[in-house]
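Remarks on the structure that follows.
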Amino acid sequence: MLENFSFRTIVEYLPLFGQGFAATLWLSIVSFAGALAVGIILCAMNLQRSRLLQLPAKIYIDAIRATPLLAQLYFLYFGLPRLGVVLPELFVGILALALNSGAYIAEIIRAGILSISRGQVEAGIASGMTYAQRMRLVILPQAIRVTIPPLLGQAIVLVKDSALLSLISVAELTRAGQLLASDRFMPAEGFLTTAACYLVLYYGLKSLAVFSARWLGVRPIGSRT
Amino acid sequence: MIWFQLQSLMGSYPLALRGLGMTIALSGISLVLGTILGFALGVLRTSGSRWLDSAIGLWVDLIRGTPFLVQIFLIFFILPELGIELDAFTAGIIALTNLAACFICEIVAAGIRSVPTGQVEAALASGLSQWQRMRQVVLPQAMRVSLPPLVGQYVLLIKDSSVVSAIGLTDLTRVGWLVVQRVPNGLLVFAIVGIGYFVVCYPLILLARRLERRMSAAHGEVQL
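Those sequence lines, one after another, are chains A and B.
If you number the first sequence the way my numbering does, the last residue is 225 and the count never jumps.
If you number the second sequence the way my numbering does, the last residue is 1224 and the count never jumps.
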C-alpha cells in the first residue's frame, strides 16, 4: 500500500539510481553523437540527385520510421550474434538508438536545409559560388539555426527511448527501478524514483530547447517529444 | 539450414497472426479512446480557464517527460497496490490511451490556437452559442491544421504498443521474442516482425505526408 511508501529504501538505493542516471546520461550522449553522424550521412545521400544514393537512404528512413524501436533493438540483439558479431548488450543498445534516431535526425536536417528559401541558393549561384561553397557559406549556417531546437526535441525522445535498453538488461535508470521493484517488492518506490530522474533530464533538455529557440530567434519545438 | 528454419517459422504463423491481432486491437482501442479523450482535453485546455490549462499542461509534461516503459510499469504494478485489480491487457490499454490523449491534446490545442480570433469574434457576433462556435467554426478549421500530425501520432502509437510486450502481452514483438527462442535466427524472425509493423504503419505515414503536402499547398493559396 502507498501509506507505507518507504523513502528510507529509496535513500538506501540512491547510489544505484545515481549510477543509473549517469549511465542513461552518457549512453544517451554517445548514442546521440552516433545518431548525428548517421543522420548527416543519410541526409547527404537523400539530397543527392543520383537515385542510386537517394533510394537506399529513403528506404532506410522509411523502414526505421515504420517499425518500433523495440523490434529494431531485438533485431540487433538476437541478430548480430547470428552474423558472428558478439557485442556487449550496452553496445547493441547504443547502436540501436543511434541507428533509430539517425533516421529521424536525417529528416530534421533535411527539413532545415529545404526551409532555406530558393532565392538564397540562386543568389549564391549568381555570385559564382560552387555547390560546396553555397552549402558551407550560405545554406548550412542558416539551416543549423532552425535545426537546433528540433534536434534537442529528438534528444528528449532518445533519452526516453533509452529506457528500452533495460529490456536487454543494460544497467541504466529503468533497470535500477526494476531492481528495487523486484529485490524489495517495492514497485512504487522503484518506478516513481525512476520517473523522477527522467523528469530531471526532460525538464533540463526542454528548457535548453526553449532557451535555444529564443536565442536563435526560431519557433520552439513541436509536439513530437 | 535456412529452409529448415523457414519451415519452422511457417509453423508458428497462427501465433504470429494472434500477435498481429493483439497489436491491432491494442492500438485500435486506445487510438479511439485516446482521440476522444485528447480532443476533450484539448478543447478544455483552450477554454480560457487558467487553472484547467496549467493542470492539463502539467499532466501532459509529466507523461511526455517519462519513458512509456516506466509508465506501463507504474500502471501495471502500482494500481493493484491501490486496490485496483487489472490484467495486462487493461493496463496496456490504460497506458496507451493516456499517452495518446496527452499528445493528441497538444495537437488539438495547437490547432485551435491557430484559428484566427476574428473567426471566433464573428461567430460571437452572429449569436452562436459556445458549443456551436466550437463545433461549426473553430474545430473544422482547427482540424485542417491538426490532421497531419494526428495521423503521424497514430503511427507513433502503433509503434509504442510494442512496449506492452514488457508486461507479458503477446503482441507482435512478444511473438518475435517467443519464436526466436525456438528458431535461433534473430535477423529473420525480427525482419518478419518488422514487416508486420511496416504493413500497418507505412500506409499511415504516406497518408500523413500527403495530408501535410495538401495542407501546405492550401496554405499557400490563402497567403496569395
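By construction, the Cβ of each residue, glycine as well, lies at the ideal position given by its N, Cα and C atoms.
Close Cβ partners of residue i (< 8 Å) along its chain, the five nearest in sequence each way excluded
i, result
"Ala44 of chain A", "none"
"Ile1205 of chain B", "Gly1152, Val1155"
"Gln1119 of chain B", "Val1137, Val1138, Gln1141"
"Leu205 of chain A", "Leu152, Ala155, Ile156, Val159"
"Ile1192 of chain B", "Leu1009, Ala1016, Gly1176"
"Met1134 of chain B", "Val1043"
Any non-hydrogen atom of the ligand PLP closer than 7 Å to residue i Cβ
i, result
"Ala1123 of chain B", "In the structure on display, the ligand PLP does not appear, and there are no ligands present to speak of."
CB contact check: residue i to chain A, cutoff 8 Å
i, result
"Pro1148 of chain B", "no"
"Thr1046 of chain B", "no"
"Ala1191 of chain B", "yes"
"Gly1057 of chain B", "no"
"Leu1026 of chain B", "no"
"Leu1006 of chain B", "no"
"Leu1294 of chain B", "The structure shown does not extend to residue 1294 of chain B, since chain B is modelled only from 1001 through 1224, so no value can be given for it."
"Gly1194 of chain B", "yes"
"Gly1111 of chain B", "no"
"Gly993 of chain B", "Past the boundaries of the shown model lies residue 993 of chain B; chain B is included only from 1001 to 1224, so the question cannot be answered."
"Gly1118 of chain B", "no"
"Gly1042 of chain B", "no"
Cβ of residue i within 8 Å of any chain B Cβ
i, result
"Tyr77 of chain A", "yes"
"Lys58 of chain A", "no"
"Arg110 of chain A", "no"
"Phe7 of chain A", "no"
"Thr193 of chain A", "no"
"Pro88 of chain A", "no"
"Tyr104 of chain A", "no"
"Ala176 of chain A", "no"
"Leu55 of chain A", "no"
"Tyr74 of chain A", "yes"
"Arg136 of chain A", "no"
"Tyr131 of chain A", "no"
"Ala63 of chain A", "yes"
"Pro15 of chain A", "no"
"Leu42 of chain A", "no"
"Ala66 of chain A", "yes"
"Pro187 of chain A", "yes"
"Ala181 of chain A", "yes"
"Ala71 of chain A", "yes"
"Leu27 of chain A", "no"
"Leu199 of chain A", "yes"
Reference residue i; option with closest CA among the options
i, options, result
"Leu95 of chain A", "A:Ser28, A:Gly190, A:Thr194", "A:Ser28"
"Phe1190 of chain B", "A:Pro149, A:Ala57, A:Tyr74, A:Leu25", "A:Tyr74"
"Leu1187 of chain B", "A:Arg49, A:Ser6, A:Phe32, A:Gly79", "A:Gly79"
"Leu25 of chain A", "A:Arg136, A:Arg134, A:Ser162", "A:Ser162"
"Pro1149 of chain B", "B:Pro1080, B:Leu1211, B:Ser1047", "B:Leu1211"
"Val121 of chain A", "A:Thr9, A:Val86, A:Pro141", "A:Pro141"
"Val1200 of chain B", "B:Glu1085, B:Ile1024, B:Gln1007, B:Val1115", "B:Ile1024"
"Leu179 of chain A", "A:Leu36, A:Asn4, A:Pro15", "A:Pro15"
"Ala106 of chain A", "A:Leu114, A:Ile40, A:Ala22", "A:Ile40"
"Leu1052 of chain B", "B:Cys1105, B:Leu1128, B:Pro1184", "B:Cys1105"
"Ile148 of chain A", "A:Ile139, A:Val85, A:Ile109", "A:Ile109"
"Phe1089 of chain B", "B:Gly1021, B:Leu1058, B:Pro1184, B:Ala1123", "B:Gly1021"
"Ile139 of chain A", "A:Ser127, A:Gly128, A:Ser115, A:Ala126", "A:Ser115"
"Gly1034 of chain B", "B:Ala1101, B:Arg1050, B:Gln1007", "B:Ala1101"
"Leu1006 of chain B", "B:Arg1182, B:Leu1128, B:Arg1209, B:Ser1216", "B:Arg1182"
DSSP-derived helix/strand/coil call for residue i
i, result
"Phe261 of chain A", "This structure cannot settle anything about residue 261 of chain A, because the visible part of chain A is limited to 1 through 225."
"Thr67 of chain A", "coil"
"Ser1129 of chain B", "coil"
"Thr130 of chain A", "coil"
"Val1115 of chain B", "coil"
"Pro1148 of chain B", "helix"
"Gly970 of chain B", "Within the shown structure, residues of chain B are numbered from 1001 to 1224, placing residue 970 of chain B beyond reach of any answer."
"Phe1039 of chain B", "helix"
"Ala171 of chain A", "coil"
"Asn46 of chain A", "helix"
Nonlocal neighbours in the same chain, by C-beta distance under 6 Å from residue i, ignoring five residues either side
i, result
"Ile1094 of chain B", "Ile1075"
"Arg175 of chain A", "Ser166"
"Ile1056 of chain B", "Leu1041, Arg1045"
"Leu1026 of chain B", "Gly1092, Ser1161"
"Gly1111 of chain B", "Ala1142, Val1145, Ser1146"
"Arg1174 of chain B", "Ser1165"
"Val1180 of chain B", "Gly1186, Val1189"
Close-in-space but distant-in-sequence residues of the same chain around residue i (CB under 7 Å, 5 per side omitted)
i, result
"Tyr104 of chain A", "Gln154"
"Arg145 of chain A", "Leu216, Val218"
"Val1069 of chain B", "The sequence shown places Leu at residue 1069 of chain B, rather than the Val named in the question. Closer than 7 Å at Cβ, skipping near neighbours: Val1163, Ala1166."
"Leu165 of chain A", "Gly93, Glu172"
"Leu36 of chain A", "Ile105"
C-beta neighbour in chain E for residue i, strict 8 Å
i, result
"Arg82 of chain A", "The structure shown contains no chain E; the protein chains it does contain are A and B."
Problem - Within 7 Å of chain A by C-beta, residues of the region 1198-1219 of chain B in sequence order - result: Within the region 1198-1219 of chain B, the residues whose Cβ lies closer than 7 Å to some Cβ of chain A are Phe1198, Cys1201, Tyr1202, Ile1205, listed in chain order.
Problem - Residues, ordered as in the chain, of the region 1163-1188 of chain B that lie near chain A by beta-carbon distance below 9 Å - result: The region 1163-1188 of chain B vs chain A, Cβ under 9 Å: Val1163, Ser1165, Ala1166, Leu1172, Thr1173, Gly1176, Trp1177, Val1180, Pro1184, Asn1185, Gly1186, Leu1187, Leu1188.
Exercise for the section: Return the residues of the region 1067-1082 of chain B that lie within a Cβ-Cβ distance of less than 7 Å from chain A, sorted by chain order. Expected result: Those would be Pro1067, Leu1069, Val1070, Phe1073, Leu1074, Phe1077, Ile1078, Glu1081, Leu1082, in chain order.
Handout entry: Residues from the region 144-172 of chain A in contact with chain B, defined by Cβ distance under 9 Å
Key = With the criterion set as a beta carbon lying under 9 Å from some beta carbon of chain B, the members of the region 144-172 of chain A are Ile156, Val159, Lys160, Asp161, Ser162, Ala163, Leu164, Ser166, Leu167, in sequence order.
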